[in-house]
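Number of protein chains: 2
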Amino acid sequence: MNLKSKFKPTDAELEILRVLWKEGGSTVRLINEILNAKREVGYTTTLKFLQIMEQKGMVKVDRSSRTHLYTALIREDETQKHLLDELLESAFGGSAKKLVMQALGNNKTSQKELEDIKNLIKQLEGGKQ
Amino acid sequence: MNLKSKFKPTDAELEILRVLWKEGGSTVRLINEILNAKREVGYTTTLKFLQIMEQKGMVKVDRSSRTHLYTALIREDETQKHLLDELLESAFGGSAKKLVMQALGNNKTSQKELEDIKNLIKQLEGGKQ
DNA sequence: GTTTAATTACGAAGATTTTCGTAGCAAAAT
DNA sequence: ATTTTGCTACGAAAATCTTCGTAATTAAAC
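Residue numbers (the working numbering), protein chains in the order written: chain A, 10 to 138; chain B, 10 to 138.
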């Protein structure tokens, strides 16, 4: 499977990855139950996705027990970065400023979080001088 | 066509929307030529997309002349917001902070742009107290 | 006025993504 | 041991997205 797609999960794949990132190694049953809290998904649908994701190198499987254990092979922050970069290019023409302002704009980002962001910016500015 | 999809352009649709947002009302030929600067796309492919986008309510067509004129019906900032919100939920679990820090993190956002963002934050903090 | 060129309409093939049904095993329960 | 339950494998249908070929029509050029 090609490298590109490894970091470009589809919507359904991303849903599953989020479970794996949160829960760590999980069985199909657990993953499927968590997904079903949000929306109805058949068990074999979830299983099929996991098998596809293994092909793509997104997850690895431990088959030592009959009940297989799936674990994410791509990192959450790395995947976020890829998806964000893509959106940055495709929708914001590469302007991180526009994107950030849009993200903060209507949003209820907390005082403390804004503080954290300010600190990051200070750091970035420091590095530039 | 349902409302949801109106603000959720596919990749190919977004490419076209970006042209329309930049150029304003445009002919199929112009749009196709601009697209072809980036990658090869057949003329009828572009035309077909525009026709689909009309169905979805993303663009409107002026058919008064034989050479039709297409114009975007959805706004750039609104569309950006929708796509961003979606990514925020699907990949960042709703944390705008994480998203923003990721966006600024590796990026070469300019001094002035960082300044602008700081000002926005100041404004946001002001409103909260 | 005929030929040539440009434009739109439309169907459909190909590709990708999402979804599940069924079969075949393995384990657990009786 | 036989039945029942639970799990994986696999193929394939359904849905969506991308791409183009062909036909029909209109305008322009000659």
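All C-beta atoms in this analysis are idealised placements derived from N, C-alpha and C, irrespective of residue type, glycine included.
For leucine 96 of chain A, the chain B residues whose Cβ falls inside 8 Å of its Cβ are Leu92, Leu93 and Leu96, in order along the chain. DSSP links serine 35 of chain A through a beta bridge to A:Tyr79. By the neighbour-count criterion, in which 16 or more other beta carbons inside 10 Å mark a residue as buried, alanine 46 of chain B falls on the exposed side.
Think of a sphere of 7 Å around the beta carbon of isoleucine 25 of chain B: no beta carbon from chain A falls inside it, the nearest being about 12 Å out. Within its own chain, the residues whose Cβ lies closer than 6 Å to the Cβ of histidine 77 of chain B, once the five positions on either side in sequence are excluded, are Val70, listed in chain order. Residue-level contact by beta carbon fails for isoleucine 61 of chain B and chain A, as no gap is shorter than 7 Å. Going by C-alpha positions, leucine 12 of chain A is about 13 Å away from threonine 88 of chain A.
The C-beta distance from alanine 81 of chain B to leucine 39 of chain B rounds to 14 Å, too long to meet the 8 Å contact threshold.
DSSP places valine 109 of chain A in no beta strand (DSSP E) but in the uninterrupted alpha helix (DSSP H) bounded by 105-114. Here DSSP, grouped into helix, strand and coil, assigns valine 50 of chain A to coil. With a beta-carbon spacing of about 7 Å, glutamate 134 of chain B and glutamine 120 of chain A fall inside the 8 Å limit used to define contacts. Distance from the CA atom of serine 104 of chain A to the CA atom of lysine 117 of chain B, rounded to whole angstroms, is 10 Å. Glycine 34 of chain B and leucine 92 of chain B have their alpha carbons spaced roughly 23 Å apart. Using a Cβ-Cβ cut-off of 7 Å, serine 99 of chain A is close to Asp20 and Leu23 of chain B, given in chain order.
In the DSSP assignment, aspartate 71 of chain A forms a beta bridge with A:Leu78. Of the candidates A:Ala21, A:Gln132, A:Lys90 and A:Asn41, A:Lys90 places its Cα closest to the Cα of alanine 112 of chain B.
In this structure, isoleucine 83 of chain B and phenylalanine 16 of chain B form a Cβ contact; the two beta carbons are roughly 6 Å apart against a cut-off of 8 Å. Burial of asparagine 41 of chain B is indicated by the presence of at least 16 other C-beta atoms within 10 angstroms of its C-beta.
If you check the CB distance, methionine 110 of chain A and leucine 123 of chain B do not come in under 7 Å.
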